[in-house]
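Below is one structure, written out as structure tokens; comments come after it.
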Amino acid sequence: MSGLLAAIRLQESGFPYVVVEKNAGVGGTWWENTYPGARVDVGNHFYCYSSEPSDHWTEYFARQPELQAYFQRVLDEHGIGGHVRWKTEVLGATWDEAAGTWSVELDSGEFLTARAVISAVGQLNRPFVPEVPGEFAGPSFHTARWDHAVDLAGKDVVMVGAGATGFQVAPAIADTVGSLTVIQRTAQWMFPNPNYHEAVGPGVRWALRHLPFYGRWFRFLIFWPGCDTGLAAARVDDAWGPQHRSVSEANDFARVMFTDWITGQVGHDPELVAKVVPDYPPTAKRTLQDNGSWLRALTRPNVALVRAGVDRLEPDGVVDGTGVKHPADVVVWATGFRVNDMLLPLRIRGRDGKDLREEWGTRPRAYLGMTVPGFPNFFMMYGPGTNLASSGSLIFHSECEIRYIVRCLRHLADGGHAALEPRPDKYDDWYGRSQAELRSMVWSSPHVEHNFFKNADGEVHSLSPWRLVDFWTWTREPDFADFVIR
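Each residue of the sequence shown is one higher than the last, beginning at 35 in this note's numbering.
Next up, the structure:
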């Protein structure tokens with residue numbers, strides 16, 4: 035998504051460019067994640083490029099095939115495909131100080147030379163499968179590598195994990211499988227969204243296409259209440275207590291509302307209620323949108339929810355953390371991604387051969403989420419501190435980022451400069467302010483376990499704690515006094 039956007043903006047600005055893409059087609063996560071039920075959880079009229087028409091969506095929250103087709107259409111309309119090296123992976127890049135260029139190593143054995151490198155590899159890209167003792171004899175795969183050759187009809191399926199992905203998979207396969215056992219360590223908060231699976235009616239599509247400015251207004255109606263206002267429930271009020279159930283009055287109001295929504299669907303089953311109502315503050319983990327499909331799936335006679343971890347695999351099943359064995363013909367891992375292993379598996383070596391991931395250690399960071407001292411002319415989209423947990427749209431964030439990056443590149447080209455990197459003091463100040471802000475948010479709560487936002491030290495480095503309107507303001511124009519320019 036962000037790589038395609040970068041290519042479009044570079045092309046519009048007249049820069050020669052090459053895109054290196056490990057997959058055979060466009061879309062990134064929407065190319066790779068083809069699991070049953072895959073759909074976006076941000077309203078499509080905001081989860082799209084602002085410069086492209088939004089009157090074509092058939093659903094308010096489109097499914098994967100329509101999303102991938104959208105990115106394919108945009109790629110074709112802008113003639114980007116001829117600039118892409120498909121099915122080619124970047125292994126790393128090394129900065130040549132004397133030449134003022136990057137040498138980019140490809141898995142084909144080739145090296146590309148570039149004045150600037152933009153990483154658009156994302157955070158939700160490399161699947162995470164926990165190391166579990168034992169071996170399963172049947173088909174087993176991660177949701178991001180779904181094996182469509184495996185027929186689930188009538189099979190006993192064990193799905194490990196029920197976060198955002200498992201939440202979509204279970205309702206999509208429940209009426210096909212013989213049985214479905216969902217092993218989930220912690221329950222997920224969810225909020226009601228009756229439009230989650232709804233089609234966009236012909237009247238709305240006509241208005242978007244024909245009424246002047248209606249499309250922009252409709253986009254804003256999704257943007258404002260679903261983005262910056264959502265931060266209110268995430269901010270910790272130190273005077274509020276106890277903090278293990280909610281972190282502020284607004285957060286507690288969200289708890290009551292979400293709990294009522296959940297219990298209103300399954301209140302007749304106290305055992306299930308105990309499993310599906312979380313015991314941690316709302317919005318501390320990724321909050322899921324629900325139109326009732328998840329809980330309906332859990333009430334089916336062939337579906338069981340198990341609140342436990344996984345102890346080991348056996349040839350014909352999975353043994354959970356309580357010692358109970360669950361027979362399986364197929365095991366599905368819905369266990370997310372290696373979010374905190376930023377830029378994996380790239381090796382980026384800057385000035386004096388410094389390795390970026392070694393420099394970061396467990397604390398990836400970048401000025402405005404995009405640049406790092408000692409790594410000239412290297413830019414990141416969807417880099418550290420730019421993921422969103424209070425709703426919003428990563429496409430919006432990417433549009434802010436590429437506008438900023440292109441203006442940096444123009445400044446280099448127009449001024450005849452060789453290299454640009456952030457000043458260390460600006461880099462450190464940004465990191466310090468971001469960390470202070472993150473510590474004031476519910477995502478850093480010590481009462482939350484198994485939060486993929488946190489690293490092994492319990493710190494959050496992937497998320498942005500800032501309002502979208504502020505990030506938009508800060509990235510409108512680079513302040514070149516913030517940079518060392520050679």
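Don't be surprised by glycine CBs; every beta carbon is placed ideally from N, CA and C.
Whole-angstrom distance between residue j and residue i, CA atom to CA atom
| i | j | result |
| --- | --- | --- |
| Trp367 | Gly200 | 9 Å |
| Gly355 | Val476 | 28 Å |
| Pro398 | His244 | 46 Å |
| Glu100 | Lys189 | 28 Å |
| Val194 | Ala41 | 37 Å |
| Met414 | Val503 | 20 Å |
| Val192 | Trp328 | 16 Å |
| Asp513 | Gly143 | 38 Å |
| His495 | Ser479 | 14 Å |
| Thr420 | Ala198 | 19 Å |
| Arg341 | Ala221 | 8 Å |
| Phe170 | Asp345 | 13 Å |
| Ile256 | Phe80 | 7 Å |
| Glu139 | Val124 | 6 Å |
| Ser525 | Ser498 | Lying outside 35 to 520, the shown extent of the chain, residue 525 is not represented and no answer is given. |
| Glu493 | Pro418 | 13 Å |
| Ser427 | Val76 | 7 Å |
| Ser174 | Asp141 | 27 Å |
| Val300 | Thr333 | 8 Å |
| Trp258 | Val163 | 36 Å |
| Gly357 | Gly343 | 10 Å |
| His431 | Asp350 | 45 Å |
| Ile152 | Phe412 | 6 Å |
| Thr147 | Gly260 | 42 Å |
| Lys488 | Ala178 | 21 Å |
Simplified DSSP assignment, three categories, for residue i
| i | result |
| --- | --- |
| Val300 | helix |
| Asp513 | coil |
| His244 | helix |
| Arg501 | coil |
| Arg213 | According to the sequence displayed, residue 213 carries Ser and not Arg. Looking at Ser213 - three-state DSSP - the assignment turns out to be strand. |
| Gly408 | coil |
| Phe526 | Because residue 526 is not part of the residues shown, which for the chain are 35 to 520, the question remains open. |
| Phe371 | strand |
| Asp271 | coil |
| Pro361 | strand |
| Val344 | strand |
| Asn489 | coil |
| Ala331 | helix |
| Asn227 | coil |
| Gly351 | strand |
| Asp386 | helix |
Where residue i falls, given that 16 or more other Cβ within 10 Å makes a residue buried
| i | result |
| --- | --- |
| Ala183 | exposed |
| Glu305 | exposed |
| Glu46 | exposed |
| Phe145 | exposed |
| Val521 | There is no way to answer for residue 521, as the model of the chain reaches only from 35 to 520. |
| Asn78 | buried |
| Ala196 | buried |
| Asn57 | exposed |
| His360 | buried |
| Arg250 | exposed |
| Phe105 | buried |
| Pro456 | buried |
| Glu165 | exposed |
| Phe247 | exposed |
| Arg107 | exposed |
Chain-order list of residues whose beta-carbon lies under 7 Å from that of residue i (same chain, five-residue window excluded)
| i | result |
| --- | --- |
| Arg97 | Ala72 and Arg73 |
| Ala331 | Ala204, Pro205, Ala208 and Val337 |
| Val234 | Trp91, Thr92, Glu93 and Tyr94 |
| Asp262 | Arg501, Leu502 and Val503 |
| Phe49 | Leu443 |
| Pro228 | Asn325 |
Beta-carbon proximity list for residue i, same chain, < 6 Å, skipping 5 on both sides
| i | result |
| --- | --- |
| Trp223 | Phe292, Pro312, Pro316 and Thr321 |
| Lys121 | Ala58 |
| Tyr230 | Phe95, Gln323 and Asn325 |
| Trp295 | Pro226 |
| Leu424 | Note that residue 424 is Ser in the sequence shown here, rather than Leu. Result list for Ser424: Gly264, Leu265 and Ala268, in chain order. |
| Glu348 | Gly168 |
Cutoff 7 Å: residue i Cβ touching any chain D Cβ
| i | result |
| --- | --- |
| Ile519 | Of the protein chains in this structure there is only one, and it is not chain D. |
Cβ-based neighbour list, residue i, same chain, cut-off 8 Å, excluding 5 preceding and 5 following
| i | result |
| --- | --- |
| Arg383 | Gly126, Ala127, Thr128, Trp129, Asp389 and Leu390 |
| Asp286 | Trp274, Arg279 and Ser280 |
| Arg385 | Trp129, Glu131, Gly408, Phe409 and Pro410 |
| Ser474 | Arg269, Val270 and Pro499 |
| Arg160 | Phe371, Arg372, Asp375, Leu378 and Pro379 |
Residue i Cβ short of 6 Å to the ligand ATP heavy atom set
| i | result |
| --- | --- |
| Phe254 | The ligand ATP is not part of the structure shown, which contains no ligands of any sort. |
List, from N- to C-terminal side, the alpha helix (DSSP H) runs of 4 residues or more that fit wholly inside the region 64 to 123. 98 to 111
To test your reading of the DSSP string, which unbroken beta strand (DSSP E) runs of 3 or more residues are found completely within the region 110 to 193? 124 to 130, 135 to 140, 145 to 148, 151 to 153 and 174 to 176
Pick out the complete alpha helix (DSSP H) segments inside the region 412 to 465, 4 residues or longer, and give them in chain order. 428 to 449
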